[in-house]
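Shown next, in structure tokens, is the structure this report addresses.
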Amino acid sequence: MKKSLPARLLALVAFAGLSLHAVAGEVKVAVAANFTAPMQEIAAQFEKDTGNKVQLSFGSTGKFYAQIINGAPFEVFLAADDETPARLDKELLTAPGSRFTYAIGTLVLWSAKPGFVDDKGEILKKGTFAHIAVANPKTAPYGSAGMETLKKMGLVEAIQPKIVQGDNISQTHQFVATGNAELGFVALSQVYKDGKLTGGSAWIIPSADYNPIRQDAVILANGRKNPIAKELMDYLKGDKAKAVIKSYGYAL
696 MKKSLPARLL ALVAFAGLSL HAVAGEVKVA VAANFTAPMQ EIAAQFEKDT
746 GNKVQLSFGS TGKFYAQIIN GAPFEVFLAA DDETPARLDK ELLTAPGSRF
796 TYAIGTLVLW SAKPGFVDDK GEILKKGTFA HIAVANPKTA PYGSAGMETL
846 KKMGLVEAIQ PKIVQGDNIS QTHQFVATGN AELGFVALSQ VYKDGKLTGG
896 SAWIIPSADY NPIRQDAVIL ANGRKNPIAK ELMDYLKGDK AKAVIKSYGY
946 AL
């Protein structure tokens with residue numbers, strides 16, 4: 696009898712493990728490119744804490760919108776603006792009442808070269824560069840904010856010939872990081888961690904120079920019946936996720 700007890704316990708443990716595995720779920724999430732690093736960190740924490748899986752796809756908000764209205768299987772959408780999720784709400788392609796602002800983004804003029812960009816952005820007026828990277832303003836909110844900044848400074852006409860356009864903010868950052876453009880408008884979260892730049896030089900652009908980049912999350916129609924979608928949204932509102940979001944320079 697005593698010899699059979701460990702075997703019985705092992706069987707119970709194995710059964711419990713199978714049960715936990717059985718209830719673990721998965722959620723498919725479309726994430727704005729600027730939020731790549733923080734969301735990877737948050738998703739890893741969420742998976743560790745809940746046992747559920749998060750399938751992440753990164754890209755431009757505008758392109759995700761086009762995919763969603765054409766039937767893409769995403770269940771949660773973390774946009775780079777608040778207008779696109781609101782539009783999806785009106786088009787009845789979301790779970791009603793699920794939309795909320797998960798972060799407020801900050802625009803930065805950044806160069807991979809230390810000392811190249813001054814802390815007041817005077818380099819834009821001097822024009823001592825050959826190329827400046829800007830995300831497509833029609834599909835990427837950070838690109839739109841970059842063009843707003845140039846317009847406010849009265850520099851659109853002068854700088855337009857030097858613009859190298861990225862499909863999204865990730866490609867825009869890559870242009871600058873690889874030196875294909877000496878500088879560019881990117882999300883602060885791409886070049887900032889725990890209160891300091893991760894490299895290069897930058898001008899953190901005053902928020903008054905562009906419309907607020909309120910980034911909203913929403914459960915999509917495909918996620919209405921997936922409890923993991925709601926669980927992830929609640930997790931984004933929690934202290935662990937907020938700490939990560941803040942560490943990348945976002946406001947809440």
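Position in the sequence shown (from 1) plus 695 gives the number in the numbering used here. Yeah, the Cβ is synthetic: ideal placement off N, Cα and C, and Gly gets one too. From a predicted model like this one, the values you see are computed outputs, not experimental measurements.
As a quick exercise: from the options, pick the residue whose alpha carbon is nearest that of residue i.
| i | options | result |
| --- | --- | --- |
| Gly757 | Thr844, Glu778, Glu742 | Glu778 |
| Gly766 | Ala725, Phe795, Phe741 | Ala725 |
| Asp889 | Ala903, Gly944, Ala882, Tyr797 | Gly944 |
| Asp776 | Pro922, Pro907, Val851, Asn831 | Pro907 |
| Ala830 | Ala774, Pro768, Ala897, Ile858 | Ile858 |
| Thr731 | Ala828, Ala882, Val851 | Ala882 |
| Gln832 | Lys808, Leu845, Ala825, Ile914 | Sequence inspection shows Pro at residue 832; the Gln mentioned does not correspond to that position. With distances taken between Cα atoms, Pro832 lies closest to Leu845. |
Is it right to say residue i is buried, meaning 16 or more other beta carbons lie within 10 angstroms of its own, or is it exposed?
| i | result |
| --- | --- |
| Ala739 | exposed |
| Gly879 | buried |
| Thr801 | buried |
| Gln885 | buried |
| Thr873 | exposed |
| Glu877 | buried |
| Ser793 | buried |
| Pro856 | exposed |
| His716 | Interpretation of His716 is limited by its pLDDT of 42, a score under 50 that renders its predicted location unreliable; the figure taken from the coordinates is listed afterwards. The residue in question, His716, is exposed, as its Cβ has fewer than 16 Cβ neighbours within 10 Å. |
| Asn875 | exposed |
| Lys723 | buried |
| Leu947 | exposed |
| Ser839 | buried |
To the nearest angstrom, how far is the alpha carbon of residue i from that of residue j?
| i | j | result |
| --- | --- | --- |
| Ile854 | Glu817 | 13 Å |
| Ala781 | Phe759 | 14 Å |
| Leu787 | Ala912 | 15 Å |
| Trp805 | Gln860 | 15 Å |
| Arg919 | Val771 | 9 Å |
| Ser865 | Ala828 | 11 Å |
| Asp814 | Gly720 | 46 Å |
| Ala936 | Thr789 | 23 Å |
Subject >> Uninterrupted alpha helix (DSSP H) stretches inside the region 836-906 (no shorter than 4 residues) >> reply: 836-847, 851-854, 864-872
Subject >> 4-residue-minimum alpha helix (DSSP H) runs that sit fully inside the region 739-798, ordered along the chain >> reply: Positions of the alpha helix (DSSP H) runs, each at least 4 residues long and wholly inside the region 739-798, are given as 756-764, 778-785 in order along the chain.
Original post:
Pairing CB atoms from the region 890-898 with CB atoms from the region 741-754, are three or more of them under 8 Å?
Top reply: Contact fails: fewer than three Cβ-Cβ distances are below 8 Å.
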